[in-house]
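Enquirer: Residue 320 in this note's numbering sits at position 134 of the sequence shown, with consecutive numbering throughout.
Quick reminder that beta carbons are idealized off the backbone N, C-alpha and C, glycines included.
For clarity, every value in this text was computed on a predicted model and none was experimentally measured.
Just passing along the structure, written as structure tokens.
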Amino acid sequence: MMRMYEVKDRLVTSALFWWYRITNREEAAILQIKTDQLTYLATPDLLNLYRAAKQVEQAQVAGMFIEAGCALGGSAIAIGKAKAKQRAFRIYDAFGMIPAPSDKDEADVHARYDEIKAGKSKGLGGNTYYGYTENLQDVVTSNLAKYGIPIQDNNIRLIKGYFEDTLYITEPVALAHIDCDWYASVMSCLIQIEPNLSPGGKIIFDDYVEWSGCRNAVDEYFSDKDGYVFTRVGRKLHVSKTLR
Ligand SMILES: C[S@@+](CC[C@H](N)C(=O)[O-])C[C@H]1O[C@@H](n2cnc3c(N)ncnc32)[C@H](O)[C@@H]1O
């Protein structure tokens, strides 16, 4: 059974899909990701993510692309489509159960986690929730290949585990899509990624509007940082590092 917002998003996606088939074939391919139910991002947010990655690529900002939190790989496909073949793209995820939230997350987050933990979360379009899938890493690898970006030919790596154990960044980063819901997950990403962000680079936060823990982590982390421009793009927060 589809939820109301999924029905609305599907209608918007099909209208845009046919329009883009005529006017912009590249963006029509991004809309296919929605039709295939591979992402939780709404259609405009997915397109904005693709366009932001493309803008960073075209500006030739130095460094790798990162996604923290890929689920079925939909947003990773959009980023992979925007990048040059040789640019490194690292995709971090538990590829299993999301970790428990902490006391820095509020009631909204704990209620959502309890639903997931109880095995009651529904997947997109009534499918199985991705977190209950045994071989999620293989599923994402295969989804990327289906969209013409096989990982072995496109400098893409999938890194399995909790960010607290796996995310250790020592190279420049041009773009990071942080889509991992809870306070501690977002904070772990910021501590590793922000000091390595190149001038002109961007961090896109998926959950700033939606989840209290993400909002708390971002506000706290950037409270003493200069040299950033914060822009609300649709329902997402895009943070750009200034050139000087
Ligand atoms: C909302 S989903 C990502 C959605 C995806 N970007 C899309 O296009 O639909 C969040 C993902 O972050 C992962 N995650 C959250 N916190 C994590 C952590 N600390 N370590 C590893 N993975 C984490 C979850 O397991 C889940 O796969």
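Taking the beta carbon of THR221 as the centre, do at least 16 other beta carbons fall within 10 Å, making it buried, or is it exposed?
Expert: Along the sequence shown, one-based indexing puts residue 221 at 35. THR221 is exposed by the Cβ-count criterion.
Enquirer: With DSSP run on the structure shown, which of helix, strand or coil describes MET373?
Expert: For the purposes of this step, residue 373 is identified with residue 187 of the sequence shown, where counting begins at 1. MET373 falls in the helix class under three-state DSSP.
Enquirer: Identify every run of the alpha helix (DSSP H) within the stretch 264-346, keeping only runs that are complete inside it and at least 4 residues long; order them along the chain.
Expert: For the stretch 264-346, whole alpha helix (DSSP H) runs of length 4 or above, ordered along the chain, are 293-303, 322-332.
Enquirer: Inspect the beta-carbon positions of VAL372 and ILE364 and report whether they are closer than 8 Å.
Expert: The residue given as residue 372 occupies position 186 in the sequence shown. The residue given as residue 364 occupies position 178 in the sequence shown. Cβ atoms of VAL372 and ILE364: closer than 8 Å.
Enquirer: Check whether the Cβ atoms of ASN341 and ALA274 sit closer than 8 Å, and answer yes or no.
Expert: Translated into positions along the sequence shown, residue 341 becomes position 155. Translated into positions along the sequence shown, residue 274 becomes position 88. Contact: yes.
Enquirer: Between the stretch 286-296 and the stretch 334-351, can you find at least three pairs of beta-carbon atoms closer than 8 Å?
Expert: Contact between the stretch 334-351 and the stretch 286-296 is absent, because fewer than three Cβ pairs lie under 8 Å.
Enquirer: Measure the alpha-carbon distance for LYS269 versus ALA228 and round it to whole angstroms.
Expert: In the sequence shown, residue 269 corresponds to position 83, counting from 1. In the sequence shown, residue 228 corresponds to position 42, counting from 1. Their backbone Cα atoms lie some 21 Å apart in a straight line.
Enquirer: With C-beta atoms as the reference, is ILE219 less than 8 Å away from TYR278?
Expert: In the sequence shown, counting from the first residue as 1, residue 219 sits at position 33. In the sequence shown, counting from the first residue as 1, residue 278 sits at position 92. In this structure, TYR278 does not lie closer than 8 Å to ILE219 by Cβ.
Enquirer: For a test of your reading of the model: does the CB of ASP365 fall under 7 Å from any non-hydrogen atom of ligand 1? Yes or no.
Expert: Locating residue 365 in the sequence shown gives position 179, counting from the first residue. Correct: ASP365 has its Cβ closer than 7 Å to ligand 1.
Enquirer: Look at the Cβ atom of LYS411, then the Cβ atom of VAL242, and state whether they are nearer than 8 Å.
Expert: To locate residue 411, count along the sequence shown from 1; it is residue 225. To locate residue 242, count along the sequence shown from 1; it is residue 56. No.
Enquirer: Kindly examine ligand 1 and report whether one of its heavy atoms sits closer than 7 Å to the Cβ of LEU423.
Expert: Start at 1 with the first residue of the sequence shown, and residue 423 comes out as number 237. Outside the cutoff, so no.
Enquirer: Do the CB positions of ALA304 and LYS267 come within less than 8 Å of each other?
Expert: In the sequence shown, counting from the first residue as 1, residue 304 sits at position 118. In the sequence shown, counting from the first residue as 1, residue 267 sits at position 81. No, they are not a contact pair.
Enquirer: For VAL198, I'd like the list of residues in its chain whose CB is within less than 7 Å of its CB, leaving aside the five on either flank, ordered along the chain.
Expert: Locating residue 198 in the sequence shown gives position 12, where the first residue counts as 1. If we look at VAL198 and ignore the five residues flanking it on each side, its Cβ neighbours are THR229.
Enquirer: Can you tell me the Cα-Cα spacing of ALA362 and LYS306, whole angstroms?
Expert: Walking along the sequence shown from the start, residue 362 turns up at place 176. Walking along the sequence shown from the start, residue 306 turns up at place 120. Distance between the alpha carbons of ALA362 and LYS306 is about 30 Å.
Enquirer: Can you tell me whether LYS411 is helix, strand or coil according to DSSP?
Expert: Numbered from 1 along the sequence shown, position 225 holds the residue referred to as residue 411. If DSSP states are grouped into helix, strand and coil, LYS411 belongs with coil.
Enquirer: Look up VAL404 in the DSSP assignment and say whether it is helix, strand or coil.
Expert: The residue labelled residue 404 in the question sits at position 218 within the sequence shown. Of the three classes helix, strand and coil, the one that applies to VAL404 here is helix, per DSSP.
Enquirer: Using CA coordinates, which residue listed in MET250, PHE349, ILE284 is at the minimum distance from LEU322?
Expert: Reading the sequence shown from its first residue, position 136 is the one you call residue 322. Taking only the C-alpha atoms, the option nearest LEU322 is ILE284.
Enquirer: Can you give the Cα-Cα distance for ASP175 and PRO287, rounded to whole angstroms?
Expert: Residue coverage of the chain in this structure runs from 187 to 430, which leaves residue 175 outside it and unanswerable.
Enquirer: Alpha carbons only, please: which of ALA254, ARG189, VAL193 is nearest the one belonging to TYR348?
Expert: If you number the sequence shown from 1, residue 348 lands on position 162. Cα-wise, what sits closest to TYR348 is ALA254.
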